[in-house]
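Just below is one structure, and these are the notes that go with it.
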Amino acid sequence: MTRHTLATWQPSAWSKALTNSGDWRLALHDDVVTVTVDGVATDAGLEACAILDVARGLFWNQFTLQVGEREIRLRGIRRADAAAFEAAFADAQQSLQLRQLIAEFDAAARQATFWVTSFTADLARHLRTKGWLTTEFSVEWSARKAAVGFSHLLDHPALQAHIAAQPLDVAGTIALWTEDLPVIIARENQRHLDSETEECRDFFDSVERSPLTPEQIRAVVCFDNRMLVVASAGSGKTSTMVAKAGYALHRNLIAADKILLLAFNAAAAKELQKRTRNRLEPLGLDADQVVARTFHGFGLDVIGQATGKKPSLAPWLEGGGDIAQLGRIVDRLRATDVLFRSEWDFFRAVLAREYPDDDGTTADASEGDRTSQGETVKSPGERMIADWLFFNGVDYIYEKRYEVDTADAEHGQYHPDFYYPSINVYHEHWAIDAQGESPFDGYLDGMKWKRGVHAANGTTLLETTMSDLWGGGALTALGAQLTARGIRLRPDADRLAAGQKPVENALLLQTFRSFLIHAKSNCLTDDQLAVRLAEQAQGPIRYRDASFLRLFTIMRREWNAQLAADDCIDFEDMLTLAAEHLEAGDWQSPYELVMVDEFQDASYARARLARALVAQPGRYLFAVGDDWQSINRFAGADLSVMTGFEAWFGPSEVLRLERTFRFPQSIADASSAFVLQNPAQLTKTVVSSTREYAPTIGIVTVDSETAVAAGIRHRLKLLHDDVASGKLPGTANGKLSVLVLGRYKHQSKYLSGCADLADLLSVTFSTIHASKGAEADYVVIVGMVNGKYGFPSTIPTDPVLRLAMPAAEEFPKAEERRLFYVALTRARRGVLLVTVDRHESRFVMELIRDQRIVRTNAIGEVLKSVVCPKCGRAFMVERVSKRGPFFGCGRFPHCKGTLSIDGSPSMPAVKPVGEPRKAFTPYRRHR
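Quick note on the numbering used here: the sequence shown kicks off at 143 and runs consecutively.
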């Protein structure tokens, strides 16, 4: 590249004469442009100059230049000279830019060298003193690196020759600089892990009864700021937590009094404390100062430290006292508040019962909605009105024939929706919205005709609309109209409905208590709940949930007033107040390492408290849990805290403990496939180290519920005999443990008759919820039937809870599925599922269909078990049609699934001769 110095251009005598250019001179030297016009010079650096315009002529050109802040027009320059100036100007600009780039590069290289030197020194220091390179470390050095501004220069084409000529020290800087920082940190952490695995081999082999596995060692050595360990059932998560605390002490990473272990109940906290001391003190580690607490107990201490006054827990909260307190609140409100009594009684008698199950199962549209009085109506709105009338003791007739013959060429006989015989009044419920529009063609014409019939015959018609009903005003208005016409409303919550009673108070109070737990944990005000109602609920659901919220608002007010009167707090206050004090800086936590057990059961409030504890730099959160075992939603657990861990706590290291030491691979495969039907569950591949004792999973079908106990005893007697004969090996203490699990406490009755097996079998009962953390050689799961007290339970978890929770689960029976997974994975050798013929649980059907689990009768004979491919809820039975034999679903006519005798789905459904068709009435399903 040529650098132009003292290059000048000016007009010739001819151009001066012919173009009237005047006397000017243009010079380019030392990156400065100088223009002299009539003896007056103007100059500026190249960066402040530009060629704005070139007007080209036959012999001479004209320039318009930007020189500093002036625009100067120069005429009469020869075309060749003009081209030479343009080339020189461009060449000079390019030369200047290169020199500036080189200067920028050299300055940035010095900063980059300083960054590299500082980074490598800090990396070595961190590895030496703190071990694992954390996210905080990475974020800090990434920010410092970004501030240097070196990377964009390395790829600049004009600088490649200069870069290639750099000395070795700068070349080394460039080599390290161009490597991705997360890659460097990951490589160094892997080296650190490998080194620590060898250097601490004796510790890892002796800290627990069995040497730690490689995945456990990684979880222990990894000391990132935020860690989530997704642990399989039986994978040694408690061992990993204890080893983590021991490793921190063994390597002098964190002092013992700065380690906090948080558990969800007192028994778990006590076990963690005991286990930590028993395992670490023999190794010479100061485990006595490691603190294990419950969330609530720790929260209480935080409030006391922050305020100087430790609050008291309300004495009526434990042992079911919270439900009893809510009951007293309701009783007091019913006695003193007429409106509350009316709404509570109606909710209990009508709205609370038969809430749609959460598996999406609904009746066929043609079957309609069954009312408290026993008739079948044609829309949820009509059912709501009928139930309200029944609740208030109003005599009505559904779709009574109108007193005048209305049949003609265009209309059939008129049947109004409701008739009140005591006052001779008719009632129509219209399927129209707030704008008076209907989704059905011709519906408005029908309304007009019906109104005309009443007007012409002088009969009285009361009217309600779908919009007013779901908006909450229709029933109040209807009550006023009926009362004005002489009907006395006599509300009675205990009036027996057709075939069922009102929801039991205890069950309804439990729903309100669960809602209170979630609402308080999530710090949701009444206004915020109302907004959620408006966003999430429509139609009959909205009506019901609005009623629920009206009751809840009053009950929560009374609950908080009782706490204030007693100068106490509840469990939710313990957590939310503690988190608020930590967030406000009212108390500085001394804990640097916070470990949380059973994180799948964390609530919003617990997560908030944990986050506040580690908010300061240099803090570590180590959470261990199994989202597949999240079964405490009723107690406030919110699975989204674990599945959305990074959203809560920021960039995190997520590890897995996938090797189980409890159950064999066949149970691992079947249970994993079962729980992963829910795509929202975190994925992991469970690998077993346990011996197989086939068959590991079996299903026994007995003839009736009364035969369950005998069936269990027969199977346990066979197990007893196999142990006695030596066919099955016993255990070190000579007995095999058998854990009988039930969804409900009353199922313990099935253990009767097993006492004589106690010499070789230790048989105990537990509910599945209470069995969390337990294990046995063999597990028997009873109650694997459908129905109200079946498994999965069809006592629905009230979907109103979605209004108080951050994220509702969309997968049907998600928690029941996880509960069944917990039951399956309590077994060390085998699982037996007990069901009743023609009442098989859908979970049993799914295992037979997807896992090919063999089903036998009580004496062990294999039963034919072809699951309906359409509904998956019944076995196929052999039937005969005009076209020959075929398999049809046992739920026919509710399900019309079929299979050919050879198993193919080609045989069409054949309706038995003489089956009556069900009537279908348009318009009314949505009213």
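Built from N, CA and C at the ideal position, the CB exists for glycine as well.
For the candidate residues Gly853, Gln678, Ala254 and Pro153, whose alpha-carbon lies nearest to that of Ala946? Gln678
Give me the residue from Ile327, Phe231, Leu902 and Ala390 with the minimum Cα distance to Gly872. Leu902
What would DSSP say about Thr998, mapped onto helix, strand or coil? strand
Please report the distance separating the alpha-carbon of Phe791 from that of Gln577. 47 Å
Counting C-beta neighbours from all protein chains within 10 Å, is the total for Pro353 16 or more, i.e. buried, or is it exposed? exposed
Smallest Cα separation from Cys665: which of Arg692, Ala721, Thr618 and Ser157? Ala721
Buried or exposed for Pro522, going by 16 or more other Cβ atoms inside 10 Å? buried
The beta strand (DSSP E) enclosing Glu1020, as first and last residue numbers: Met1018 to Ser1023
Gly218 by DSSP, collapsed to three states: which one? strand
List the whole-angstrom C-beta distance separating Arg220 from Ser154, where the pair is believed to meet the contact cut-off of C-beta under 8 Å. 7 Å
Between which residues of its own chain and Asp142 is the CB-CB distance below 7 Å, once the five residues before and five after are set aside? No statement about residue 142 is possible, as the shown extent of the chain runs from 143 to 1069 and does not include it.
What residue does the alpha helix (DSSP H) around Arg750 start on, and which one ends it? Tyr746 to Leu755
Return yes when the Cβ of Ala918 is within less than 9 Å of the Cβ of Ala969, no when it is not. yes
Coarse secondary structure for Met947, derived from DSSP in three states: coil
Using the C-alpha atoms, what's the distance from Leu422 back to Leu893? 41 Å
Out of Ile244, Leu693, Asp979 and Ile990, which has the shortest C-alpha to C-alpha gap to Ala849? Asp979
Distance CB(Cys364)-CB(Asn394) smaller than 9 Å: no
Would DSSP call Glu211 helix, strand or coil? coil
Phe406 versus Ser163, Ala779 and Tyr568, residue with shortest Cα-Cα distance: Ala779
Excluding the five sequence neighbours on either side, which residues of its own chain have a C-beta within less than 6 Å of the C-beta of Gln993, listed in chain order? Ala812
Inter-residue Cα distance where the pair is Ala300 and Gln236: 10 Å
Boundaries (first-last residue) of the alpha helix (DSSP H) holding His334: Leu323 to Glu341
Just to confirm, is the Cβ distance from Val921 to Val880 under 9 Å? yes
Tell me the residue span of the alpha helix (DSSP H) that contains His438. Phe437 to Thr449
What three-state label does DSSP hand Arg857 in the structure shown? helix
Within 9 Å, strictly: CB atoms of Phe713 and Leu455: yes
Suppose contacts are defined by Cβ-Cβ distances below 9 Å. Is Gly1032 in contact with Pro1011 by that definition? no
What is the rounded straight-line gap between the Cα of Gln730 and the Cα of Leu404? 17 Å
Rank Trp770, Ser1007, Val372 and Phe256 by C-alpha distance to the C-alpha of Val964 and give the top, closest one. Trp770
Range of the contiguous beta strand (DSSP E) that encloses Thr406: Note that residue 406 is Phe in the sequence shown here, rather than Thr. From DSSP, Phe406 is part of no beta strand (DSSP E); its letter is neither H nor E.
Using the beta-carbon count (16 or more within 10 Å), is Val432 buried or exposed? buried
Thinking C-beta only, is Tyr733 closer than 9 Å to Ile445? no
Could you give the distance in angstroms between the alpha-carbon of Pro498 and the alpha-carbon of His888? Confidence is the limiting factor: at Pro498 the pLDDT is only 49, short of 50, which leaves the residue's position unreliable, though a coordinate-based value still follows. Going by the C-alpha atoms only, they are around 25 Å apart.
With 16 as the cutoff for other CB atoms within 10 Å, does Ser663 come out buried or exposed? buried
Contact set for Phe907: own chain, Cβ-Cβ below 6 Å, skip 5 residues either direction: Val882, Ser890 and Leu893
Give the C-beta separation of Ala765 and Leu370 to the nearest angstrom, bearing in mind that I take them to be a contact with Cβ-Cβ under 8 Å. 5 Å
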